[in-house]
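**Q** Got a structure for you, written out below as structure tokens; questions coming shortly.
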Amino acid sequence: MLHLSINQGDGVPLYLQLVQQVKRLIATGILQPDQELPPVRVLAQQLVVNPNTVVRAYRELEVAGLIYKKRGAGTYVSSSGTPYTDEECRRILGERADALLIEGQNLGYELEQLVEVLRARDQDLQEQRKIAEGD
């Protein structure tokens, strides 16, 4: 089951909140290519929104090439890759890097020490992927 949520008081249109969340799920790999998305009515009921909100979000995602419809068979994630432009990717990573740098400084770490931590984590993640893939 797809876990999406909306915030009525956010100020961001509900359909756009859905678009942003689905984009993030695709970018992070939680939603895989050719994975089926919930039907419009099911998702609208789950989120307690008008089905037209979900229709509009799905339409935006389809125009962006991130999802596709099979007549009578549902809506699926396309295999077009990341839904973010390079500029958006850099912005997202920049925000996370800022948070890491600030937290590292607060903990007394120098830049070189943070890079060392990142390299060690990267190596751990690569090993975990190998194990998960059965290599």
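FYI, in numbering that gives the first Met the number 0 the residues of the sequence shown are 0 to 134. We treat Cβ as the ideally placed atom computed from N, Cα and C, and that holds for glycine.
#1: Please name the residue, chosen from Ala26, Leu36, Leu110, Pro50, that lies closest to aspartate 85 on a Cα-to-Cα basis.
#2: Return yes when the Cβ of valine 62 is within less than 8 angstroms of the Cβ of leucine 36, no when it is not.
#3: Measuring alpha carbon to alpha carbon, tell me which of Gln7, Leu1, Leu46, Leu113 ends up nearest glycine 28.
#4: If I measure Cβ to Cβ from proline 50 and keep anything under 8 angstroms in the same chain, skipping five residues before and after, which residues do I get?
#5: Once you ignore the five residues that flank leucine 46 on each side, which residues in its own chain have a CB closer than 6 angstroms to its CB?
#6: Should the region 108 to 118 be regarded as contacting the region 51 to 60, the criterion being three or more beta carbon pairs within less than 8 angstroms?
#7: Quick one: what's lysine 22 bridged to in DSSP?
#8: Cutting at 6 angstroms between CB atoms, please list the residues of its own chain near glycine 103, excluding the five before and the five after it.
#9: What is the rounded straight-line gap between the Cα of aspartate 123 and the Cα of alanine 96?
#10: Taking valine 76 as part of the beta strand (DSSP E), name the residues at either end of that continuous run.
#11: Given a threshold of 16 other Cβ atoms within 10 Å of its Cβ, counted over all protein chains shown, does glutamate 92 qualify as buried or as exposed?
#12: Three-state secondary structure (DSSP) at glutamate 102?
#13: What is the C-beta distance between leucine 17 and leucine 30, in whole angstroms, given that I count them as a contact (C-beta under 8 angstroms)?
#14: Which full runs of the beta strand (DSSP E) of 3+ residues lie inside the region 38 to 73, going along the chain?
**A** By the coordinates alone:
#1: Ranking Ala26, Leu36, Leu110, Pro50 by Cα distance to aspartate 85 puts Ala26 first.
#2: With a cutoff of 8 angstroms on beta-carbon distance, leucine 36 and valine 62 are scored as not near each other.
#3: Comparing Cα positions, the closest option is Leu1.
#4: If we look at proline 50 and ignore the five residues flanking it on each side, its Cβ neighbours are Val39, Arg40, Ala43.
#5: Around leucine 46, the same chain offers Ile5 as residues with beta carbons nearer than 6 angstroms, after the five sequence neighbours per side are excluded.
#6: Taking 8 angstroms as the limit for Cβ pairs, the verdict is that the region 51 to 60 does not touch the region 108 to 118.
#7: Beta-bridge pairing links lysine 22 to no other residue.
#8: Within the same chain, and ignoring the five residues on either side of glycine 103 in sequence, the residues whose Cβ sits closer than 6 angstroms to its Cβ are Leu113.
#9: Answer to the nearest angstrom: the Cα atoms are 19 angstroms apart.
#10: From DSSP, the beta strand (DSSP E) with valine 76 extends over 73 to 76.
#11: Before going on, a small fix: residue 92 reads as leucine here, not glutamate. By the neighbour-count definition (other C-beta atoms within 10 Å, threshold 16), leucine 92 is an exposed residue.
#12: Of the three classes helix, strand and coil, the one that applies to glutamate 102 here is helix, per DSSP.
#13: The beta-carbon separation of leucine 17 and leucine 30, rounded to 13 angstroms, does not stay under the 8 angstroms limit for a contact.
#14: List check, beta strand (DSSP E) in window: 66 to 69.
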